[in-house]
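Peer 1: Shown below is the structure under consideration.
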Amino acid sequence: MKLHFWGTRGSIPSPSTADVPTHEFGGDTTCLSLDWGAQGLLVIDAGSGLRQAGLAWTKAGRKSFTFLFTHSHWDHLQGFPFFAPAFHEGVHIEIYSPRLPSAHAGNLIERSLHAQQSEPFFPAGFPQLRAKIVFHEIQPHHELILHDGTDSLRIQATAVSHPGGCLAYRIDGSNNGKNRSFVFATDNEPSGEKSSPLAQLAQKTDLLICDGQYTEEEYPNRRGWGHGTPQLCLREAVSAQAHRLLVTHFDPTHSDAFLTKMEQDFKKSAQATSVQVAFARQGQTLDL
Amino acid sequence: MPEVSSPLASLIEIDLLPPRLEGLRALADKWALSAGFSVLEAGQILAAVDEALVNIHLHSYGGRQGKVLMEIEKTTHELIFQFTDYGKPFDPNQGTGRKPGEIGEGGWGTLIMQHAFPRIERQHLGGKNILLLARPLPVHKGEV
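Chains P and S are the protein sequences, given in the same order. The opening position of the first sequence corresponds to residue 1 in the numbering used here, with each subsequent residue numbered one higher. The opening position of the second sequence corresponds to residue 289 in the numbering used here, with each subsequent residue numbered one higher.
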C-alpha cells in the first residue's frame, strides 16, 4: 500500500509567500490517497490538494475512484469542484460520507458538495458533472470492506472531538502478504485519555496520522476549536502503542522554518517513547 | 428486497406499493417499541411513518409503483426515520400543515407527523426527495 499526501495544510490553502514560505510542508489543504491491491485507489478528503491529484490521475487515464470523507468542513471539500475526472463521462466515483449523530436529512457530503458547487459560488454546478457519482454513508463503529480482485481493505470509524463532528478512520490492508494499518485522525482535539476512542481505534497501528495544528503555547487560546498539538497526538500514539506518528493539518500562519523548528523540538521530546515521530509533507509518499 | 440491519440501524429499499406498507409499518413499530417508547407513543410514530409512506406513494409517484429507501437509526438520543424517493419533487411551499382546531380538507398528514416527530426536515437533492423524521428517545425513571 502506498500513501500519498496531496495536501497537509489546515483551515485554508496557504500558498508560499515571502513572509510565510510553505514549499516544504505544503500549502494545499487536506487530501491523501492510498494505492492498494492491484488497482484500488482510496482518496481521503478533498481539500485543495485534490486538484493536483485529479490532474495526475487524468493524465494516467484512471477512471475509478473511491472517496472517504472525514467531515464536511470546507478545507476538506474545496478541491472537489476542481477535480478534473468528475467532469468526464465514463468515470465512476463512489463517495463514503460520515453519518454523524443528530444527522440532518440526506447524506452530509452529498448535500455539502452540491451546496459548494452551485451558483453563486461556482459556475459549473454539481449536476453538470458527467461522472457517475454514487453516495454512501459510514457510521462510527461500523465496518466497511472494499474489494479489489482478491485484495480487500477494511475501514473502521470512530467519532472524534471536533465542532460539528468528524470521523477518524482505521484502514487495514496488506502489502506483499504483510498486514498493514494506518489511522487517519484529522480535525481532532485529542483528550489525551488512555481510553480515548481514537486510542482504542489506533491500537498497535503501524502509523497514526494526527492533527497537531497548534503549538503548546498557542493551544490554551484555541481550546475547543477541535484541533490538537503534536504533544497531544503523541499521548494518543503512546496510549495506542502505535509504531509511527505523523503530524499534519498545519496552521496557515506556520512557515516552513517555524514547522521545521517545531518538528525538531517534537522529535527530541518524543525520544523517551518508542514512537517514531515526524511531520507530514505535501508530496510525500509512504510505502506502508 | 435488499435489507441491512444492525442493533443501531436498519436500511431497506423497496418498490413501494400499498400491499407492502404492512411490512414497513411492522418494522417501524418494532423499532419504536425497542427504542423504549410506550405503546401509545409507538402508535403516534407508526401513524406518522404510515403518513410519510402514503404521501410518497400518492404524491411523489402519483399512485404508481416507485422505489423508496427507508432508513431507521437509533442514535444516543434520537430515533430517526429517513425516507428517500426518486419521484416528483415536493413543493416546499405546500404541506405547512394544519393547526389543531382548523377546519378544512387536507393538511392532516403534516400535523400527524409533527405530533409524533419534533424534528422534521425535507431535502430535494440530486433527483431525490429526502424526508427525515426524528424523535428524542424517551427518558425513563432513574435516568437523568
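Glycine included, C-beta positions come from ideal geometry on N, C-alpha and C.
Exposed or buried, what is residue 428 (chain S) when buried is set at 16 or more other beta-carbons lying within 10 Å of its beta-carbon?
Peer 2: What you label residue 428 (chain S) is simply residue 140 of the second sequence in a count that begins at 1. With fewer than 16 Cβ atoms within 10 Å of its Cβ, residue 428 (chain S) is classed as exposed.
Peer 1: Output yes if chain S places a C-beta closer than 8 Å to the C-beta of residue 163 (chain P); else output no.
Peer 2: Here residue 163 (chain P) is taken as the residue at index 163 of the first sequence, counted from 1. Answer no: the Cβ-Cβ gap between residue 163 (chain P) and chain S never drops below 8 Å.
Peer 1: Return the chain-ordered list of same chain residues with a C-beta closer than 6 Å to the C-beta of residue 439 (chain S), the five sequence neighbours on each side being excluded.
Peer 2: Any property of residue 439 (chain S) remains undetermined from this structure, which presents chain S solely from 289 to 432.
Peer 1: For the ligand ATP, any of its heavy atoms closer than 7 Å to the Cβ of residue 236 (chain P)?
Peer 2: Summarising the ligand content, the structure contains no ligands, and the ligand ATP is consequently not present.
Peer 1: Taking a contact to mean a Cβ-Cβ separation below 8 Å, would you say residue 148 (chain P) touches residue 36 (chain P) in this structure?
Peer 2: By one-based count along the first sequence, residue 148 (chain P) stands at place 148. By one-based count along the first sequence, residue 36 (chain P) stands at place 36. Yes, they are a contact pair.
Peer 1: Go to residue 186 (chain P), then tell me how far its beta strand (DSSP E) extends in each direction, as first and last residue.
Peer 2: For the purposes of this step, residue 186 (chain P) is identified with residue 186 of the first sequence, where counting begins at 1. Note, residue 186 (chain P): premise wrong, no beta strand (DSSP E); not H, not E.
Peer 1: Closer than 9 Å between beta carbons: that is the criterion. Which residues of the segment 103 to 122 of chain P meet it against chain S?
Peer 2: Cβ contacts with chain S come from 103, 104, 105, 106, 107, 110, 111, 114.
Peer 1: Give the residues of chain P in contact with residue 418 (chain S), contact being defined as C-beta atoms less than 7 Å apart.
Peer 2: As a position in the second sequence, residue 418 (chain S) is number 130, starting the count at 1. Residues of chain P passing the Cβ test: 105, 106.
Peer 1: Does any residue of chain P bring its CB to less than 8 Å from the CB of residue 423 (chain S)?
Peer 2: The residue you call residue 423 (chain S) lines up with position 135 of the second sequence. Closer than 8 Å: no.
Peer 1: On a CA-only basis, which of P:103, P:195, P:226, P:260 is nearest residue 236 (chain P)? Give me that one, please.
Peer 2: Along the first sequence, one-based indexing puts residue 236 (chain P) at 236. Ranking P:103, P:195, P:226, P:260 by Cα distance to residue 236 (chain P) puts P:195 first.
Peer 1: Which same chain residues, not among the five before or five after residue 401 (chain S), have their C-beta less than 7 Å away from its C-beta?
Peer 2: What you label residue 401 (chain S) is simply residue 113 of the second sequence in a count that begins at 1. The answer, listed in chain order, is 336, 339, 340, 408, 421.
Peer 1: In chain order, what residues of the same chain lie with their CB nearer than 6 Å to the CB of residue 290 (chain S), ignoring the 5 residues before and after it?
Peer 2: What you label residue 290 (chain S) is simply residue 2 of the second sequence in a count that begins at 1. At residue 290 (chain S), the pLDDT of 49 sits below 50, so the modelled position is not reliable; the number obtained from the coordinates is stated separately. Excluding residues within five positions, the ones whose Cβ falls inside 6 Å are 301.
Peer 1: Would residue 131 (chain P) pass as a contact of residue 183 (chain P) if the rule is Cβ separation under 8 Å?
Peer 2: If you number the first sequence from 1, residue 131 (chain P) lands on position 131. If you number the first sequence from 1, residue 183 (chain P) lands on position 183. In this structure, residue 183 (chain P) does not lie closer than 8 Å to residue 131 (chain P) by Cβ.
Peer 1: Comparing C-alpha positions only, which one of P:167, P:160, P:222 sits nearest to residue 109 (chain P)?
Peer 2: Numbered from 1 along the first sequence, position 109 holds the residue referred to as residue 109 (chain P). With distances taken between Cα atoms, residue 109 (chain P) lies closest to P:167.
Peer 1: At a CB-CB cut-off below 9 Å, which residues of chain P make contact with residue 297 (chain S)?
Peer 2: Position 9 of the second sequence, counted from the first residue, corresponds to residue 297 (chain S). Under the 9 Å cutoff, chain P gives 99, 139, 142.
Peer 1: Closest to residue 374 (chain S) by CA distance: which of S:368, S:332, S:365, S:353 is it?
Peer 2: Numbered from 1 along the second sequence, position 86 holds the residue referred to as residue 374 (chain S). Ranked by Cα distance from residue 374 (chain S), the first of S:368, S:332, S:365, S:353 is S:353.
Peer 1: Does the distance from the CB of residue 101 (chain P) to the CB of residue 165 (chain P) come in under 8 Å?
Peer 2: Counting from 1 along the first sequence, the entry for residue 101 (chain P) is found at position 101. Counting from 1 along the first sequence, the entry for residue 165 (chain P) is found at position 165. Result yes, Cβ atoms of residue 101 (chain P) and residue 165 (chain P) sit closer than 8 Å.
Peer 1: What are the partner residues of residue 425 (chain S), as DSSP defines its beta bridges?
Peer 2: If you number the second sequence from 1, residue 425 (chain S) lands on position 137. Looking at the DSSP assignment, residue 425 (chain S) forms no beta bridge with any residue, so it has no partner.
Peer 1: Compare the C-beta of residue 357 (chain S) with all C-beta atoms of chain P and state if any pair is closer than 8 Å.
Peer 2: Taking the first residue of the second sequence as 1, we reach residue 357 (chain S) at position 69. Judged by the 8 Å Cβ criterion, residue 357 (chain S) is not in contact with chain P.
Peer 1: In its own chain, which residues sit with a C-beta less than 7 Å from the C-beta of residue 325 (chain S), not counting the 5 before and 5 after it?
Peer 2: Counting from 1 along the second sequence, the entry for residue 325 (chain S) is found at position 37. In the same chain as residue 325 (chain S), and ignoring 5 residues on each side of it, the C-beta atoms closer than 7 Å to its own belong to 333, 426, in chain order.
Peer 1: If you measure beta-carbon to beta-carbon, which residues of the segment 360 to 384 of chain S are closer than 9 Å to chain P?
Peer 2: 361, 363, 364, 365, 366, 368, 370, 372
Peer 1: From the DSSP secondary-structure annotation, give me the bridge partner or partners of residue 31 (chain P).
Peer 2: Within the first sequence, the letter at position 31 stands for residue 31 (chain P). Residue 31 (chain P) pairs with P:7.
Peer 1: Decide if residue 274 (chain P) is buried, meaning its Cβ has at least 16 other Cβ atoms within 10 Å, or exposed.
Peer 2: By 1-based counting over the first sequence, the position of residue 274 (chain P) is 274. By the neighbour-count rule (16 or more Cβ atoms within 10 Å), residue 274 (chain P) is not buried but exposed.
Peer 1: Out of P:227, P:253, P:210, P:255, which one is the CA nearest neighbour of residue 234 (chain P)?
Peer 2: Mapped onto the first sequence, residue 234 (chain P) falls at position 234. Per the Cα distances, P:210.
Peer 1: Which word fits residue 140 (chain P), buried or exposed, when buried means at least 16 other C-beta atoms lie within 10 angstroms of its C-beta?
Peer 2: Within the first sequence, residue 140 (chain P) is the residue found at index 140, counting from 1. Taking all protein chains in view, the Cβ of residue 140 (chain P) is crowded by 16 or more other Cβ atoms within 10 Å, so the residue is classified as buried.
Peer 1: Would you give the residue range spanned by the beta strand (DSSP E) that residue 222 (chain P) belongs to?
Peer 2: The count along the first sequence starts at 1 and reaches residue 222 (chain P) at position 222. Where residue 222 (chain P) is concerned, there is no enclosing beta strand (DSSP E), given that its DSSP letter is neither H nor E.
Peer 1: If you draw a straight line from the C-alpha of residue 232 (chain P) to the C-alpha of residue 218 (chain P), how long is it?
Peer 2: Against the first sequence, residue 232 (chain P) aligns to sequence position 232. Against the first sequence, residue 218 (chain P) aligns to sequence position 218. CA-CA distance, residue 232 (chain P) to residue 218 (chain P), rounds to 13 Å.
Peer 1: Measure from the C-beta of residue 350 (chain S) to each C-beta in chain P and report whether the shortest distance is under 8 Å.
Peer 2: Position 62 of the second sequence, counted from the start, is the residue given in the question as residue 350 (chain S). Judged by the 8 Å Cβ criterion, residue 350 (chain S) is not in contact with chain P.
Peer 1: For chain P, find out if any of its Cβ atoms is closer than 8 Å to the Cβ of residue 409 (chain S); answer yes or no.
Peer 2: Indexing the second sequence from 1 puts residue 409 (chain S) at position 121. Answer yes: the Cβ-Cβ gap between residue 409 (chain S) and chain P drops below 8 Å somewhere.
Peer 1: Which of the residues in the segment 315 to 338 of chain S, read from start to end, lie with their CB under 7 Å from any CB of chain P?
Peer 2: none
Peer 1: Using 8 Å as the limit for Cβ to Cβ distance, is residue 414 (chain S) near chain P?
Peer 2: One-based indexing of the second sequence puts residue 414 (chain S) at position 126. Chain P contact via Cβ: present.
Peer 1: When DSSP labels each residue in this structure, what does residue 51 (chain P) get in the three-state scheme?
Peer 2: One-based indexing of the first sequence puts residue 51 (chain P) at position 51. Here DSSP, grouped into helix, strand and coil, assigns residue 51 (chain P) to helix.
Peer 1: Could you tell me which residues DSSP puts in a beta bridge with residue 169 (chain P)?
Peer 2: Locating residue 169 (chain P) in the first sequence gives position 169, counting from the first residue. Its beta-bridge partners are P:157, P:184.
Peer 1: Per DSSP, which residues does residue 40 (chain P) bridge with? Please list them.
Peer 2: Along the first sequence, read from residue 1 onward, the residue named residue 40 (chain P) stands at position 40. The partner list for residue 40 (chain P) (beta bridge, DSSP) reads P:36.
Peer 1: Around the C-beta of residue 81 (chain P), are 16 or more other C-beta atoms found within 10 angstroms, so that it is buried, or is it exposed?
Peer 2: Translated into positions along the first sequence, residue 81 (chain P) becomes position 81. Its Cβ being crowded by 16 or more others within 10 Å, residue 81 (chain P) is buried.
Peer 1: Please state whether DSSP places residue 234 (chain P) in a helix, a strand or coil.
Peer 2: Here residue 234 (chain P) is taken as the residue at index 234 of the first sequence, counted from 1. Three-state DSSP puts residue 234 (chain P) in a helix.
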